[in-house]
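*Asks:* Protein chains in written order, with our numbering: chain A, 12 to 457; chain B, -2 to 439; chain C, 11 to 100.
Glycine included, each C-beta is placed from N, C-alpha and C at the ideal position.
First the structure, which I've put down as structure tokens, then a few questions once you've had a look.
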Amino acid sequence: MKIGLEVHVQLPTKSKMFCSCPTTDAEGPNMHVCPTCLGMPGSRPVLNKKVLEYGIMLAKMLGCSVADTAWFSRKTYFYPDMSKSVQITQYDNPIGVKGMYYLNGKKPIRITRIHLEEDPGKTKRVGDLSSLIDYNRSGIPLAEIVTEPDLKTPAEAREFLGELIQDIRHIIDLPGDGERSIRCDCNISVGVERCEVKNVTGLKNVERALTFEVIRQTKILKAGGKIDRETRRFDEQRGVTISVRKKEFEADYGYIDEPDLGIYHIKAMAESIKIKESPLKRTMRLSSEYGLNEKAAKQLVATSMDLADLFERVAKATDVQIAKTWVAGAVSANWKAFEANDKADEDGIVDIISKFADGKITDTECNLELKAYMTGKDTESLKGAAADLDAVISEYLDKNPAIVEDYRKNEKAANRVIGFVMKQTGGAYSSADVVTAATRLLKERL
Amino acid sequence: MTMQTVLSDIGSINDKYVMFNRFTEDSDPGDSKFLFSAKDNLTSKDFETCCGSRILEGYHPVFDATAIAKMRNAGGKLIGKTNMDEFGFGTFSANSGFGIPRNPFDLERACGGSSGGSACAAAVIEDHVSLGVSTGGSICCPASFCGVYGIAPTYGRVSRYGLIDYGNSLDKIGLLSAKASDLTRYLPVISGRDERDPTSCVQPELEIKGDRIRSVAVPKEAAEGLSKDVSEAFLNSLETLKGMGIDVEYVDMPALKYAMPAYYVLATSEASTNLARYVGMRYGHQDGDLSLKFDDYFTYFRSKYFGDEAKRRILLGTYTRMAGFRDRYYAKALKVRMYVIDAYKQILKDHDAVLAPTMPFVAPRFDDISKMTPVESYKADYLTVPANLAGTPHLSVPCGYNADGMPIGMQFVADHWNEDRLLTMANEWDKAFDVRKAEVSL
Amino acid sequence: MDREIVERVARAAHISLTEEELAKYSQDLTDILDYFKILDEAPDFEGFGVNPIEVADVVREDEPKMEFDPDELLKDMNTYDGYVRGPRLS
């Protein structure tokens, strides 16, 4: 079984690709429109610079070679949502080619190409068999990412899309419901001949559509039949794919260059654009380079990329073990407060940990200083609070000495202490602090 | 004619000459400094804009073409939209879906095309300048047939915002007038970078310093296939030029023979995509049966409202870019264009302009036109097409009259961005040659 | 030019032709393409251009703005409830 995807991602620009209409949701149909995106005779396209930037960023993220010169093409086809019956796209000169995407950081999925194009409007079927068109979406910029048929199952396709979106979101700030702003044309062949399911919206539907196709195609082949190469569409409500028409031949699109826009020399722009490492890549690298276990690495990256940066910085300034203990520990625990604190920065944190590494302060002092620095609370009040917490825990252990014995056998016994203290102190202490203090005091009594 | 007279007579002028598809009802010029007209493929807010085609009947643009807006800002009053071949497809304005303009020198003859109405207006109405558009020769051809001056500037000199497209890499907006000095007066008005049209944003500034043409190259290929009267008038004009101190030299230009087919391939390929939007929705006629499937609905309108030549060029242009044929035609034509541009540049290294007659014959009679085959009418453009393909600026000046008094024109082609030279030439020629006016009686 | 090809081209261009028109246009296109044959002989020229003068690097900043009143734009269109009416989809 082979599955290939053509993924259409709406680029989050503020204005449309070839006109200045806003891309935000409009109050009603046909409210964010102008002569250009309505295809009015005499109107003309002007390229939004941001589209090129985003295109290059995505091309680089996918490991593609970026073209030195970019230009656009006209693809002619007739449909009511096409305001000029022509889509401005890239035919023989996509912005990026021959990339590679590693699913789960391991499985290579070849990326054939990525190109830029404009979205058509949206159609609605009406009871009386005519249609209603909303051109608000007409002219919104899209990146189309085409994969080779390297995906093996519908589930894998879904996984691929999920990771891809997360990575894209990381570098170009996709809107919250990014999952729904992804549309795919899915190509699938169980046997020899493939079918295309066009315009499937969202990850879940991609998996559903592909799963249906697997079943449908398998059934036909098992009965000794032949698969017709065709285009189908996915009916979301019924969960089935429906034949639309025989696969269009490229002949009918009649591509020509788009003279209204000219060409773009993007080599310099491409060279100056640096993309941030994706969360997945960072997680994998922290594991492999620093021996951090995957769960801990994921935790760091999920909290904040800056925290992950800090981890690497501390590891280099002192050593990996110290970074593991302190950054993944106390620093991580106080991260939220630190982000809200204008007066503290990463340099201060590195200084404190370095003092510990040099043996100038003890681990208890380091813990306290970090907390004070990051939260902005003064050490005295923190010391006092810490002492109070110790008192609450000690009092509880005094009253329940059996717990210490339980703890000797099974570390999970500490949870009872922690649970009690949390309830007792009513959230005055962070869970991380309670855990650390309880563990310490239990260990002392062993 | 004063501005007032023009406005009050405009109805009867148009009844006789049919230069306008729509014209103003105003009788008062107000504080306008001059009157002008514009080809009906330039959008105007106050006039229906049909581009010579029935499929756009009822199109009321919400924006003025930049060229029109600029003329207005300079104090001009737009008095009418001139008749043209449908979407620019034609050499005689006979393919108009509305009125067909008549030659002011002989009403039984055509004005040329596709800016026929503009040339007619320029020849008939005194002190009148008209905005025309050239794709393959549509400014200079009618200028030549109607005995007026016409200039098609460099591609990209005048913003095409508001121009209803024929060929986006070929269309140029220019001027027609009976007065040579009008070209110098109005070209700076309509030229300049416009952020709404990227192709207008790379031009160097238009500098009018009186740069002169001191030498011209006449391609030998251009002297073939001319009617006797044109040949005679042209040769006489060469003598006049020599008398003006201009050097005339015959050159070989083998690239010229490839220009026509390359032009038609590119122009129709682009046009067929530009015309794809006319489907009976959004603008123009929209009153079809919505229960028809969209393919049938679109086909209904296009078949009903496109004229014969429009259909022919759409079919041709769809074919030349279809997979399987695209390399042989479209892709090849792109390369041939570069080759033709290079051929011009080579010659223009040693000469200030390339010169040839504008058209191979005088304005034909309407009944002769109806007998022409498509190939024959395409071939009539062989003198204007090469400069248009190359995007080089070119100027047609009246240079003679045949035994019937029909005007003959000759065309100067300068290098990209050298309109200055052409403007000076027009003014100098105007002093050396007696331009005849058409007799206008209403 | 092959009648079948003309039919295919007409379908792609969404133009319906009567028998008479089909015959006429087939002949016209044959004649025209015959005339175009000379292109095959044109020398191969190194060079690439989308326009006759180089148009390069013209872009606009990503600033949203509405310049026209949508009601103005839709005034001559066949609309219903703010939507543009269109024909049947399938």
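(1) Applying the criterion that 16 or more other CB atoms from any shown protein chain within 10 Å of the CB defines a buried residue, is B/L4 buried or exposed?
(2) Helix, strand or coil: which one does DSSP assign to B/A360?
(3) Applying a beta-carbon distance threshold of less than 7 Å, which residues of chain B neighbour A/M28?
(4) Residues of chain A with CB under 9 Å from B/F291, in chain order?
(5) For B/G171, which residues does DSSP report across the bridge?
(6) Output the distance between the C-alpha atoms of A/L162 and A/K13, rounded to the nearest integer angstrom.
(7) Count the other CB atoms within 10 Å of the CB of C/L43; is the residue buried (16 or more) or exposed (fewer)?
(8) When the Cβ atoms of the segment 49 to 60 of chain B are set against those of the segment 136 to 145 of chain B, are three or more pairs found closer than 8 Å?
(9) Give the single residue among B/A66, B/R51, B/L128 whose Cα lies nearest to the Cα of B/G94.
(10) Anyone know if the C-beta pair for C/Y93 and A/L321 falls short of 7 Å?
(11) Between B/G277 and B/R299, what straight-line distance do the alpha-carbon atoms span, to the nearest angstrom?
(12) Mind checking whether B/I187 and B/K332 have CB atoms under 7 Å apart?
(13) Would you tell me roughly how many angstroms separate the C-alpha atoms of A/E261 and B/A320, rounded to the nearest one?
(14) So, using beta-carbon positions, are A/V203 and A/F223 closer together than 7 Å?
(15) Which class does A/I277 belong to by DSSP, given the choice of helix, strand or coil?
(16) Roughly how many angstroms lie between the CA atoms of A/E380 and A/R324, to the nearest whole one?
(17) Is the beta carbon of B/E54 less than 7 Å from the beta carbon of B/G304?
(18) Taking the C-alpha atoms as reference points, what is the distance between A/E247 and A/N216?
(19) Would you list, in chain order, the members of the segment 32 to 43 of chain A that have their beta-carbon closer than 8 Å to a beta-carbon of chain C?
(20) Compute the Euclidean distance between the alpha carbons of A/L318 and A/S343, then round it to the nearest angstrom.
(21) Is the segment 387 to 401 of chain B touching the segment 220 to 240 of chain B in the sense that three or more CB pairs, one from each, lie closer than 8 Å?
(22) Mind reading off the beta-carbon distance from B/Y336 to B/V351? Whole number of angstroms is fine, and I expect it under 8 Å.
(23) Assuming the contact rule is C-beta atoms closer than 8 Å, A/L140 and B/S288 should be a hit. Round their C-beta distance to whole Å, please.
(24) Is it true that the CB of A/V44 sits closer than 7 Å to the CB of A/Y146?
(25) If we define contact as Cβ-Cβ less than 7 Å, is C/Y45 a contact residue for chain B?
(26) Identify whether A/H19 lies in helix, strand or coil by the three-state DSSP scheme.
(27) For the segment 239 to 248 of chain B against the segment 358 to 371 of chain B, are there 3 or more C-beta pairs whose distance is under 8 Å?
(28) Does A/Y65 come out as helix, strand or coil in the three-state DSSP assignment?
(29) Please report the Cβ distance between B/F295 and C/L99, rounded to the nearest whole angstrom; I am assuming they are in contact, meaning their Cβ atoms lie under 8 Å.
(30) Consult DSSP for A/D196 and reduce its assignment to one of helix, strand or coil.
(31) In the DSSP assignment, find the alpha helix (DSSP H) that holds B/R423 and state where it starts and stops.
(32) So is C/M87 in contact with chain D if we call contact Cβ pairs under 7 Å?
(33) B/M403 and B/V437 - do their beta-carbons sit closer together than 7 Å?
(34) Using a Cβ cut-off of 8 Å, which residues of the segment 62 to 87 of chain C contact any Cβ in chain A, in chain order?
(35) May I ask which residues mark the beginning and end of the alpha helix (DSSP H) holding A/R169?
(36) Is the CB of C/G57 under 7 Å away from at least one CB in chain A?
*Replies:* Checking against the coordinates, here is how it stands:
(1) buried
(2) DSSP places B/A360 in coil when its eight states are reduced to three.
(3) The premise fails here: A/M28 is roughly 13 Å from chain B at the closest Cβ pair, so nothing lies under 7 Å.
(4) F89, Y90, P91, S142
(5) B/G129
(6) 6 Å
(7) buried
(8) no
(9) B/R51
(10) no
(11) 8 Å
(12) No. Outside cutoff.
(13) Per-residue confidence for A/E261 stands at a pLDDT of 41, beneath the threshold of 50, marking its modelled position as unreliable; no derived number is given.
(14) No, the Cβ-Cβ distance between A/V203 and A/F223 is not below 7 Å.
(15) coil
(16) Cα to Cα, A/E380 sits roughly 19 Å from A/R324.
(17) no
(18) 7 Å
(19) C32, P33, T34, T35, G39, P40, N41, M42, H43
(20) 7 Å
(21) Cβ pair count under 8 Å is three or more, so yes.
(22) Not confirmed; about 16 Å, so no contact.
(23) So it is a contact: roughly 5 Å between Cβ atoms.
(24) yes
(25) yes
(26) strand
(27) Taking one beta carbon from each stretch, the segment 239 to 248 of chain B and the segment 358 to 371 of chain B have fewer than 3 pairs nearer than 8 Å; the two do not touch.
(28) helix
(29) In fact, because the Cβ distance is near 12 Å, the residues do not count as touching under 8 Å.
(30) strand
(31) One detail in the question is off: residue 423 of chain B reads as Ala in this sequence, not Arg. 416 to 429 is the span of the alpha helix (DSSP H), which, as asked, contains B/A423.
(32) Absent from the structure is chain D; the protein chains it does hold are A, B and C.
(33) Result no, Cβ atoms of B/V437 and B/M403 do not sit closer than 7 Å.
(34) E64, V65, A66, D67, V68, V69, R70, E71, D72, E73, P74, K75, M76, E77, F78, P80, L83, L84
(35) 165 to 183
(36) Judged by the 7 Å Cβ criterion, C/G57 is not in contact with chain A.
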